[in-house]
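Novice:
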Amino acid sequence: MIPRAIYISATPGDYELEKSGGTVVEQVIRPTGLVDPPIHVLPVRNQVDDLLERIRVRIRMKHRVLVTTLTKKMSEDLTDYLAQAGVKVAYLHSDIAALDRIEILRKLRLGESDVLVGVNLLREGLDLPEVSLVAILDADREGFLRSERSLIQTAGRAARNASGEVIMYADRITRSMQLAIDETNRRREKQLAYNKEHGIVPRTISKSRDEILLSTQAATSHAQSQDKAAADASGAELPWEKILAEDFSPRETIDMLYGAMQEAARALEFEKAAALRDRIEDLKAQWGLGSA
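Just so you know, the sequence shown maps onto residues 21 to 312 in this note's numbering.
1. Within its chain, find whatever has a CB closer than 8 angstroms to the CB of ASP147; leave out the 5 residues flanking it on each side and keep chain order.
2. Following the continuous beta strand (DSSP E) through LEU136, name the residue where it begins and the one where it ends.
3. Give me the Cα-Cα distance between GLY176 and SER226, rounded to the nearest whole angstrom.
4. Between LEU102 and the rest of its own chain, which residues show a CB-CB distance below 8 angstroms, the 5 nearest in sequence each way excluded?
5. Take ILE79 and list the residues in its own chain whose beta-carbon comes closer than 7 angstroms to its own, dropping the five residues that flank it on each side.
6. So what does DSSP say about HIS60, is it helix, strand or coil?
7. Quick check on SER114: does DSSP put it in helix, strand or coil?
8. Apart from the five residues just before and just after ALA251, which ones in its own chain have a Cβ nearer than 8 angstroms to its Cβ?
9. Apart from the five residues on each side of it in sequence, which residues of its chain come closer than 8 angstroms, Cβ to Cβ, to ILE220?
10. If I measure Cβ to Cβ from VAL64 and keep anything under 6 angstroms in the same chain, skipping five residues before and after, which residues do I get?
11. Have a look at ASP34 and ALA285 and give me their C-alpha separation to the nearest angstrom.
12. Alpha carbon to alpha carbon, how far is PHE290 from THR89?
13. Hey, how far is the Cα of SER29 from the Cα of ILE172?
14. Anyone know if the C-beta pair for LYS92 and HIS60 falls short of 8 angstroms?
15. Please tell me whether ALA155 and VAL85 are closer than 8 angstroms, where the distance is taken between their beta carbons.
16. Need the endpoints of the alpha helix (DSSP H) that GLU36 sits in, please.
17. Whose CA, out of LYS216, LYS210 and SER170, lies closest to the CA of LEU199?
18. Does any C-beta atom of chain C lie closer than 8 angstroms to the C-beta of LYS108?
19. Can you tell me whether DSSP reads ILE26 as helix, strand or coil?
20. By a C-beta neighbour count over all protein chains shown, 10 Å radius and 16 as the cutoff for buried, is PRO270 buried or exposed?
21. Can you list, in chain order, the stretches of the alpha helix (DSSP H) that have 4 or more residues and sit fully within the stretch 147 to 182?
22. Give every residue of the same chain whose Cβ lies closer than 6 angstroms to the Cβ of VAL87, excluding the five residues on either side of it in the sequence, and list them in chain order.
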């Protein structure tokens, strides 16, 4: 047992806050003077066309863009649409090996691609100062992909650039959206006030091609280890197969799958959680069950 400990988290959850007994010191001031990005809410209607125009503006600025969608199918369709429009776009999804994911991120940073589309852009510790726009499609669809914490973390991907901005496409402002916007604005106001008081001008950390390549070498080594572990476990069951193999009632099965989905979401394994969500809906329809 450790008598005293300091825990560090960029996004402490309810468990961490409870265990700390309210003894929390927040660090919102960055040495670079960078502030949390402004968040704008725009209607879902024509969201893809609007996004394309904003992407073109960022490309002219030689900046990069992250776009998060709700489903793998939406990501695939959007990637195809942007590619046909002449955008250098990459698609990041759970089936891509860790080593290939690192290569995709490296190409984004180097400007070999301008836009990265995905369902879960929180899986990597995406420290991408080249990204100045984060677009969240269908932000008003409540769920683990659009929870307060997920929205805050996703918006934070634009906080490494002095021109950072977040667009939430939504027809209404959900409670999660409002909480995320309020928290981001709270931090931003503190940061702006500090910068004004001390005469600090926010600056983006720019790195050369060689520096980017060097900074991703460690990530590449780690990814190689991840790929080996994944290969060793290639015969592993899908997240629901073990539950379905047991002799549970339909309702018990749904409840257990729902618990597994929530656990995956808490671990930020959103692709796994989304797969479980879809499987739950399929089984409920198959068995004629209502909401779990």
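From the three backbone atoms N, C-alpha and C, an ideal C-beta is built for every residue, glycine too.
Specialist: The short version:
1. Taking C-beta separations shorter than 8 angstroms and ignoring five residues to either side along the sequence, the partners of ASP147 in its chain run ARG180, following chain order.
2. Where LEU136 is concerned, the enclosing beta strand (DSSP E) stretches over 135 to 138.
3. Rounded to whole angstroms, GLY176 to SER226 spans 18 angstroms at the Cα level.
4. If we look at LEU102 and ignore the five residues flanking it on each side, its Cβ neighbours are LEU72, ILE75, VAL109, VAL135 and VAL137.
5. Answer for ILE79: ASP134, listed in chain order.
6. The answer is strand: DSSP assigns HIS60 an E or B state.
7. Residue state, collapsed to three classes: coil.
8. Because ALA251 carries a pLDDT of 43, less than 50, the predicted location of this residue cannot be relied on, and the following value inherits that uncertainty. Excluding positions up to five away in sequence, the list is empty.
9. If we look at ILE220 and ignore the five residues flanking it on each side, its Cβ neighbours are GLY53 and TYR214.
10. Result list for VAL64: TYR189 and ASP191, in chain order.
11. If you take the alpha carbons of ASP34 and ALA285, they lie about 14 angstroms apart.
12. It is roughly 11 angstroms from the alpha-carbon of PHE290 to the alpha-carbon of THR89.
13. Their backbone Cα atoms lie some 14 angstroms apart in a straight line.
14. Not closer than 8 angstroms, so no.
15. Closer than 8 angstroms, so yes.
16. Here the alpha helix (DSSP H) through GLU36 covers 34 to 39.
17. Taking the Cα of LEU199 as reference, the smallest distance to any Cα among LYS216, LYS210 and SER170 is reached at SER170.
18. Absent from the structure: chain C. Only one protein chain is present.
19. When DSSP states are grouped into helix, strand and coil, ILE26 belongs to the coil group.
20. Within a 10 Å sphere around the beta-carbon of PRO270 sit fewer than 16 other beta-carbons, which makes this residue exposed.
21. Runs found: 168 to 175.
22. Cβ neighbours of VAL87 beyond the five flanking positions: VAL137 and ALA155.
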